[in-house]
Amino acid sequence: MSEALTAPTSEAEPGLPAQGETPAERVLRQALEAALFEGLVDYVLVPVEKGLWDTLYFSLGRQDYRCAGRVREFGRVRLHIAALSRVHSVPSVILPEEVLSRLLDALPGEEQTRRRFERELTQTRHWCEWNERHLPPLRDRRALSLPELEMAMREGHPYHPCFKARVGFSERDHQRYSPESGSPLRPHWIALPREQVVAAGLASDQERFWRRELGEAGYQNLRERARVRGLDPESVTFVPVHPWQWQKYLAARCQKAALKAVDLGQPGDEYWVSQSVRTLMNRTHPKKADLKLPLSIVSTSAPRHLLSHGIESGPRLSLWIAETVERDHFFQRYPLVILREYAGLRVKEAGAFADGDPEICEFGALWRESLAAHQKTTETAAPLMALALIEPDGRPFIDPWVRRYGLETWLGQLFQTLILPVWHLVARHGIGLEAHGQNTVLLHENGWPTRLAARDFHESVEYVEAFLAEPERAPAFSREPRYAHAQPNEYYWMTSVEALRELVMDTLFVFHLSELALVCEEHYRLPEGRFWSLVGECLEGYRHAGHCRSDRLDALGYQSPMIQVESLLRKKLCPEESEYHHRVFNPFRHSHQQHFSSQHFYGKEVPHAVLPR
């Protein structure tokens, strides 16, 4: 005998449970799915002969549970959380908070770390509930511009349990500075002595840079504001700061440390807030640069600060990758737009703040090319994470495109547009990009995929020096004083090609296209196996076209029976560990005749009679 968490969805829509989830149920579902996927909680899977859902059994402490669910390719777990119930229990209501509490007690990590994780889960639920109470209902997002779509994607990360934590924001802050609030903002401009600021990329030539970025009138405005406050404009530089960061964090710290930082106010352009919260898109002049400004909050997996080395190295990485793309004719057929991080400023805060960490930048900025500056008038742009969204009409975001072109035809074009540029960059050139759903943007014409744009290189590029096609062109980071004390695999250069394979396949397939595969299965009845077969055909077509030597493709190991994937939840719970990985069965394994279901690895398949129904 068991009882359900809430009433199950109707038999007419057995594959669409997430649409009716409360915030508490969604937080619990994603936390459970991540724990089961990463092997932090063991489970047993009982297959069902007919229907979309099997049954997963697992224990949290001394309580046994069962839940309708599936184990998908790459071992990804999908739960129908409304059907969660206790095993051998008197019927009663199951509260998500009770199950979540038991889950937290069952997870690894120090007590302090698990309690911090609990606070982030609580905050995530709180902001979701706040949005439901205060924001107007979503409208159709299919025709929105890129900035509008960034602000309208209220769902957040589809895998990580802390998909909207934003620890550090008050309700007023959330209302003012969250992307879904849709409120524009202006940065504070802070004047500092030039010797206190490290400049990188185009910012190294201060006069030319400020005239280029601000225009002559904007540059002179800042100089006059500095002069009015008793500063010599020739001896200072200007650093934009997010208004929350200045008002809630930096102003008091600068005053306490006697750092000569003078607030010049908030003149100049207005900006929209992107999904990452810390990246701002120019509202006044959309073709001007995006601004990446550190925030001392925690959201999803990590703090929203910047890394000091990334501000200095980002422009060099961007230039290297952009030149690699420009020199290779392959990218004329399969375009890859590189949105370069072309300038950076970093305040030497570690020398001013007593608790300053030289590896972390809380006071600085990166300038990144806007996609609008590259976009054709016939093209529309959407972050790749938008492709798995469900619209208020109950149909997928991609539904008009699927109806216009046919599902498999459209998917074939999408895979060539999305996968091949990233795949060629790692296979032929040895450069791995973290091409997840937020870092990549699809350009399309009436839904037909045309080009891929990639961004955010300062923290998410990897290479193995021995695997680079042109090592002489790569930045020699490992031999520079800035990285003199670097540990293996700590920054950009890896010790194993397996790390490149993991980076690309994790972000492209395991945590991104896997979500689209789910949409295609639940809404268009495309079996997931067929989805990944189409991806495999794309990869095999690349292999046989001769774009890259077979030995380099073999070295990537992308057809191995099992592959290593990142354990995002374990990384959050056990931050002192050096590695965060687990192994899963690979749908692209070379021997397709011997097909293994992921369920055989994560849980023993047992007959129906073994466990109570």
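Quick note on my numbering: the sequence shown kicks off at 521 and runs consecutively. Think of the CB as a built atom: it goes at the ideal place given N, C-alpha and C, for glycine as much as any other residue.
Selection E649, G738, H829 evaluated against R546 yields E649 as nearest (Cα-Cα). Within the same chain, and ignoring the five residues on either side of C1040 in sequence, the residues whose Cβ sits closer than 6 Å to its Cβ are L1046, F1051.
Annotation: the region 957 to 1013 contains no complete segment of the alpha helix (DSSP H) (minimum length 4 residues).
By the 16-neighbour rule on beta-carbons within 10 angstroms, R993 is exposed. If only uninterrupted beta strand (DSSP E) runs of at least 3 residues are considered, those enclosed by the region 588 to 632 are 597 to 599.
By the criterion of a C-beta distance shorter than 7 Å, A626 is surrounded in its chain by V561, L580, G581, once the five residues flanking it on both sides are discounted. In its chain, beyond the 5 residues on either side, Q716 have a beta carbon closer than 6 Å to the beta carbon of K868. Selection R1021, E1042, P1095 evaluated against L1073 yields R1021 as nearest (Cα-Cα). Beta-carbon to beta-carbon, W764 and D693 are separated by about 6 Å, close enough to satisfy the 8 Å threshold.
Taking a C-beta distance under 9 Å as the contact criterion, F594 and F935 do not qualify as a contact pair. With respect to L705, P616 sits apart: the two C-beta atoms are not nearer than 9 Å.
Straight through space, the alpha carbons of Y854 and S1070 are spaced by roughly 20 Å. Checking the DSSP bridge columns, you'll see S579 partnered with D584. Counting every other CB atom within 10 Å of its CB across the protein chains shown gives A554 a total of 16 or more, marking it as buried.
Between the region 877 to 888 and the region 810 to 818, the count of Cβ pairs shorter than 8 Å is three or higher; the stretches touch. Of the residues R686, C682, R659, the one whose Cα lies closest to the Cα of M673 is R659. If you draw a straight line from the Cα of K570 to the Cα of N1106, it is about 25 Å long. Take G1056, set aside five residues on each side of it, and the residues of its chain with a beta-carbon closer than 6 Å to its own are F1108, in chain order.
C-alpha of A723 to C-alpha of F729: approximately 5 Å in a straight line.
Apart from sequence neighbours up to five positions away, the residues of its chain that approach G830 with a beta-carbon distance below 7 Å are H978, E979, ordered along the chain. A1037 is not a Cβ neighbour of G957, given a cutoff of 9 Å. Under a 10 Å Cβ-count criterion, R888 is classified as buried, with 16 or more other Cβ atoms of the shown protein chains found around its own Cβ.
The beta-carbon separation of R592 and S1034, rounded to 7 Å, stays under the 8 Å limit for a contact. In the structure shown, G721 adopts extended strand secondary structure according to DSSP, grouped into three states.
In this structure K1092 is buried. Its beta-carbon is surrounded by 16 or more other beta-carbon atoms within 10 angstroms.
Contact between Y1062 and W943 holds, since their C-beta atoms are separated by about 6 Å, short of 8 Å. For V942, DSSP assigns no beta-bridge partner whatsoever. Per DSSP, N802 is one residue of the beta strand (DSSP E) stretching across 799 to 802.
For A901, the closest of S1098, N1009, W968 by C-alpha to C-alpha distance is W968. Comparing alpha-carbon positions, the option among Q632, E638, V613 lying closest to L624 turns out to be E638. The beta carbon of G702 sits closer than 6 Å to the beta carbons of M671 from its chain, once the five residues preceding and following it are set aside; these are given in chain order. By the CB criterion at 9 Å, L751 and N741 fall outside the cutoff. Here Q632 is exposed, its C-beta having fewer than 16 other C-beta atoms within 10 Å.
In this structure, H654 sits away from Y697, with a CB-CB distance that is not shorter than 9 Å. By the C-beta density criterion, S838 is buried, having at least 16 other C-beta atoms within 10 angstroms. Under DSSP, P916 shares a beta bridge with I910.
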